[in-house]
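**Q** Residue 5 is where the sequence shown starts when you use the working numbering, and the numbers rise one by one after that.
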Amino acid sequence: MLIRLTPDNASPLHEQIAGAIRQGILEGSLVDGERLPAAKALGESLGVSLHTVLHAYQDLRGQGLIELRRGRGAVVTAPETASREHATRILDEAARQLAGLGLSTETTLALFRQRLDRGKAS
């Protein structure tokens, strides 16, 4: 897992760490049941405090993307949630673009259903 922190980024370091892990889950490079690095080890490798990494892990736990287990550390737990979140982002972008075309909701849904059916057939 590659995490790059940008010190001049306006986002706090714990948010950058959580964002990188969240992205890994959404993209599928981090999968259900996968153990994340120990907070101490990750902090040392990134040059940040243990508390910064724990803050990131707690944020991810609050979002339902990981579990924190005594003795096992942080474990990815949300493949379906992550997939749904990723699909929602794709659909939100498509909806924004389609809204500009002036098609009715019924026409848009019919076109979408056709595409879904085509995808199932291939």
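From the three backbone atoms N, C-alpha and C, an ideal C-beta is built for every residue, glycine too.
Since the structure is predicted, the reported quantities are computational estimates derived from the model, not experimental observations.
When we look at the beta-carbon of ARG26 and count the other beta-carbons within 10 Å, is it buried (16 or more) or exposed?
**A** The residue labelled residue 26 in the question sits at position 22 within the sequence shown. Result: buried.
**Q** Starting from the C-beta of LEU46, find all residues in its chain whose C-beta is less than 8 Å away, skip the five residues before and the five after it, and write them out in chain order.
**A** Within the sequence shown, the letter at position 42 stands for residue 46. If we look at LEU46 and ignore the five residues flanking it on each side, its Cβ neighbours are ILE7, ILE21, LEU40 and VAL57.
**Q** Whole angstroms are fine: how far does the CA of THR109 sit from the CA of LEU120?
**A** Counting from 1 along the sequence shown, the entry for residue 120 is found at position 116. Counting from 1 along the sequence shown, the entry for residue 109 is found at position 105. Rounded to the nearest angstrom, the two C-alpha atoms are 16 Å apart.
**Q** Output the distance between the C-alpha atoms of LEU3 and ARG100, rounded to the nearest integer angstrom.
**A** In the structure as shown, the chain begins at 5 and stops at 126. Residue 3 is therefore absent and cannot be evaluated.
**Q** So for GLY68, helix, strand or coil by DSSP?
**A** The sequence position of residue 68 within the sequence shown is 64, counting from 1. The answer is coil: DSSP assigns GLY68 none of H, G, I, E or B.
**Q** Let's see if you can read the secondary structure: which residues bound the beta strand (DSSP E) around ALA78?
**A** Counted from its first residue, the sequence shown places residue 78 at position 74. Its beta strand (DSSP E) spans residues 77-80.
**Q** So what's ARG8 in DSSP terms, helix, strand or just coil?
**A** Stepping through the sequence shown from its first residue, residue 8 is reached at position 4. Coil at ARG8, not helix or strand.
**Q** Give the C-beta separation of LEU34 and VAL80 to the nearest angstrom, bearing in mind that I take them to be a contact with Cβ-Cβ under 8 Å.
**A** Here residue 34 is taken as the residue at index 30 of the sequence shown, counted from 1. Here residue 80 is taken as the residue at index 76 of the sequence shown, counted from 1. Contact flag correct, Cβ pair sits at about 5 Å.
**Q** Can you tell me the Cβ-Cβ gap for LEU69 and ILE29, rounded? I've got them flagged as a contact below 8 Å.
**A** If you number the sequence shown from 1, residue 69 lands on position 65. If you number the sequence shown from 1, residue 29 lands on position 25. The Cβ separation is near 6 Å, so the contact holds.
**Q** Would you mind working out which of GLY66, GLY32 and ARG73 sits nearest HIS90, comparing C-alpha positions?
**A** Against the sequence shown, residue 90 aligns to sequence position 86. Considering only alpha carbons, the answer is GLY32.
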